[in-house]
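Asks: Numbering (our numbering), first residue to last: 987 to 1292.
1) Between residue 1213 and residue 1248, which are expected to be in contact by the criterion C-beta below 8 Å, what is the C-beta distance as a whole number of angstroms?
2) Quick check: what's the CA-CA separation for residue 1073 versus residue 1034?
3) If you scan the stretch 1199-1270 from start to end, which runs of the alpha helix (DSSP H) of 4 or more residues do you find wholly inside it?
4) For the candidate residues 1011, 1284, 1165, whose alpha-carbon lies nearest to that of residue 1142?
5) Look up residue 1097 in the DSSP assignment and say whether it is helix, strand or coil.
6) Could you spell out where the alpha helix (DSSP H) holding residue 1156 opens and where it closes?
7) Specify the secondary structure class of residue 1195 as computed by DSSP and reduced to three states.
8) Here's the rule: buried if 16 or more other CB atoms are within 10 angstroms of the residue's CB, otherwise exposed. What is residue 1110?
9) When the Cα of residue 1021 is compared with those of 1168, 1279, 1252, 1156, which residue comes out closest?
10) Using C-beta distances below 8 Å, list every residue in its chain close to residue 1171, excluding the 5 sequence neighbours before and after it, in chain order.
11) Do you know offhand how far residue 1240's Cα is from residue 1281's?
12) Could you have a look at residue 1127 and say whether DSSP puts it in helix, strand or coil?
13) Let me make sure I understand the geometry here. Which of 1116, 1150, 1078 has the alpha-carbon closest to that of residue 1138?
14) Quick check on DSSP: helix, strand or coil for residue 1113?
15) Is residue 1274 near residue 1245, with beta carbons less than 8 Å apart?
16) With a Cβ-Cβ cutoff of 8 Å, do residue 1014 and residue 1094 count as a contact?
17) Counting Cβ pairs closer than 8 Å, one from the stretch 1172-1185 and one from the stretch 1121-1139, do we hit at least three?
18) Quick check on the burial criterion: 16 or more other C-beta atoms within 10 angstroms. Buried or exposed for residue 1028?
19) Taking the alpha carbon of residue 1133 as the point to measure from, which residue in 1236, 1106, 1084 has its own alpha carbon closest?
20) Quick one: grab the DSSP three-state call for residue 1170.
21) Kindly give me the distance between the Cβ atoms of residue 1124 and residue 1198, rounded to whole angstroms, as I take these residues to be in contact under 8 Å.
22) By DSSP's criteria, residue 1148 is part of a beta bridge. Which residues make up the other side?
23) Report the option in 1231, 1055, 1006 whose CA atom is closest to the CA atom of residue 1089.
24) Can the beta-carbon of residue 1064 be found closer than 8 Å to that of residue 1070?
25) By the 10 Å Cβ neighbour count, where 16 or more other Cβ atoms means buried, how is residue 1102 classified, buried or exposed?
26) Is the beta carbon of residue 1223 less than 8 Å from the beta carbon of residue 1200?
The structure is reproduced here in structure tokens:
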């Protein structure tokens, strides 16, 4: 008798296949990109190729996928056979040209419009004309990114697909259609996200979308509270964790997201919306300048005593 996990896996596979997703490509083997690749293989059972110019980053990412899958086996969430099958679906490359036969791509690089525009422009020349080009951006306009494709025909296949970190655990994906995004692109993207085991919400293409429009001022205000000596890191985090039933405090969350990522998003929000509540705390800028960007760099939020 098949397990509930196996049943759901087969159901989600059918959902993705029914909308024509045959092969997923992920650009960027950082913590977000490798997590997206993991759920594409583990949950949606779709072949996925990860691209990164840094081979060491690829090797690190593949080890992370191995660890996630093994942990699922240890917890009884999947069989060893399912683990091996999921792992066999993941390949890697250092060349963007290897996406020539890929029909669904997810860009997961740093929050730089210039970099994303370059990638989307290149993908337009490499990928099939009907390939969907999704961005995991957490704050940049999908309409601006889509414009880099150079034509309405390709822009209608561009969409935002904002995963939450850590991707294998967090349930939500924000879906963001741009001005030119077609209904067919939206439907196929929703189907793949559901096949990955995710719950989806849809946001208008505005700075920060839903999640970061609300989250970043909260984190920024917590950094201001630390900066102004209102409370220690422990006091601030404990107050919000226990007082508002949050799973973790805002400073711990910022550390997990990455202080550089938080700063980048806040700068985009401040520039595009022009409101003072999005002005990054000077302490946040100082930490990033010092290279203390959080867990991914082996550092922590509280480096300066107040």
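Glycine included, C-beta positions come from ideal geometry on N, C-alpha and C.
Replies: Concretely, from the data shown:
1) Taking the first residue of the chain shown as position 1, residue 1213 is located at position 227. Taking the first residue of the chain shown as position 1, residue 1248 is located at position 262. Taking C-beta atoms under 8 Å as the contact rule, residue 1213 and residue 1248 fail to qualify, at a distance of about 14 Å.
2) Translated into positions along the chain shown, residue 1073 becomes position 87. Translated into positions along the chain shown, residue 1034 becomes position 48. Going from the Cα of residue 1073 to the Cα of residue 1034 covers about 10 Å.
3) Taken in chain order, the complete alpha helix (DSSP H) segments of 4 residues or longer contained in the stretch 1199-1270 are 1219-1229, 1236-1243, 1245-1259.
4) On the chain shown, position 156 is the one that residue 1142 refers to. Of all alpha-carbon atoms in 1011, 1284, 1165, the one lying nearest the alpha-carbon of residue 1142 is that of 1165.
5) Stepping through the chain shown from its first residue, residue 1097 is reached at position 111. Residue 1097 falls in the coil class under three-state DSSP.
6) Translated into the one-based positions of the chain shown, residue 1156 becomes position 170. DSSP places residue 1156 in no alpha helix (DSSP H); its state is neither H nor E.
7) Locating residue 1195 in the chain shown gives position 209, where the first residue counts as 1. Coil at residue 1195, not helix or strand.
8) Counting from 1 along the chain shown, the entry for residue 1110 is found at position 124. That one is buried.
9) Locating residue 1021 in the chain shown gives position 35, counting from the first residue. Of the candidates 1168, 1279, 1252, 1156, the one whose C-alpha sits nearest the C-alpha of residue 1021 is 1156.
10) What you label residue 1171 is simply residue 185 of the chain shown in a count that begins at 1. 1118, 1142, 1143, 1144, 1145, 1163.
11) The count along the chain shown starts at 1 and reaches residue 1240 at position 254. The count along the chain shown starts at 1 and reaches residue 1281 at position 295. Going from the Cα of residue 1240 to the Cα of residue 1281 covers about 9 Å.
12) Within the chain shown, the letter at position 141 stands for residue 1127. DSSP places residue 1127 outside both helix and strand once states are collapsed to three, so it counts as coil.
13) Within the chain shown, residue 1138 is the residue found at index 152, counting from 1. For residue 1138, the closest of 1116, 1150, 1078 by C-alpha to C-alpha distance is 1116.
14) For the purposes of this step, residue 1113 is taken as residue 127 along the chain shown, with counting starting at 1. In the structure shown, residue 1113 adopts coil according to DSSP, grouped into three states.
15) Taking the chain shown and counting its residues from 1, one reaches residue 1274 at position 288. Taking the chain shown and counting its residues from 1, one reaches residue 1245 at position 259. Inclusion of residue 1274 and residue 1245 in the CB contact set at 8 Å is warranted, their separation being smaller than that value.
16) Here the question's residue 1014 lines up with position 28 in the chain shown. Here the question's residue 1094 lines up with position 108 in the chain shown. If you check the CB distance, residue 1014 and residue 1094 come in under 8 Å.
17) The answer is no - the stretch 1121-1139 does not touch the stretch 1172-1185, with fewer than three Cβ pairs under 8 Å.
18) The count along the chain shown starts at 1 and reaches residue 1028 at position 42. Buried, since its Cβ has 16 or more Cβ neighbours within 10 Å.
19) As a first step, residue 1133 is located in the chain shown; it is residue number 147 there, counting from the start. In terms of Cα proximity to residue 1133, the closest of 1236, 1106, 1084 is 1106.
20) If you number the chain shown from 1, residue 1170 lands on position 184. In the structure shown, residue 1170 sits in a helix (DSSP, three-state: H, G or I).
21) On the chain shown, position 138 is the one that residue 1124 refers to. On the chain shown, position 212 is the one that residue 1198 refers to. Taking C-beta atoms under 8 Å as the contact rule, residue 1124 and residue 1198 qualify, at a distance of about 5 Å.
22) For the purposes of this step, residue 1148 is taken as the residue at position 162 of the chain shown. According to DSSP, residue 1148 bridges with 1160.
23) Residue mapping note: residue 1089 aligns to position 103 of the chain shown, counting from 1. When each option's Cα is compared against that of residue 1089, the closest is 1006.
24) The residue given as residue 1064 occupies position 78 in the chain shown. The residue given as residue 1070 occupies position 84 in the chain shown. Their beta carbons are not under 8 Å apart, which means residue 1064 does not touch residue 1070 by this criterion.
25) For this step, residue 1102 is matched to residue 116 along the chain shown. Counting Cβ neighbours within 10 Å, residue 1102 comes out buried, since at least 16 surround it.
26) Start at 1 with the first residue of the chain shown, and residue 1223 comes out as number 237. Start at 1 with the first residue of the chain shown, and residue 1200 comes out as number 214. With respect to residue 1200, residue 1223 sits apart: the two C-beta atoms are not nearer than 8 Å.
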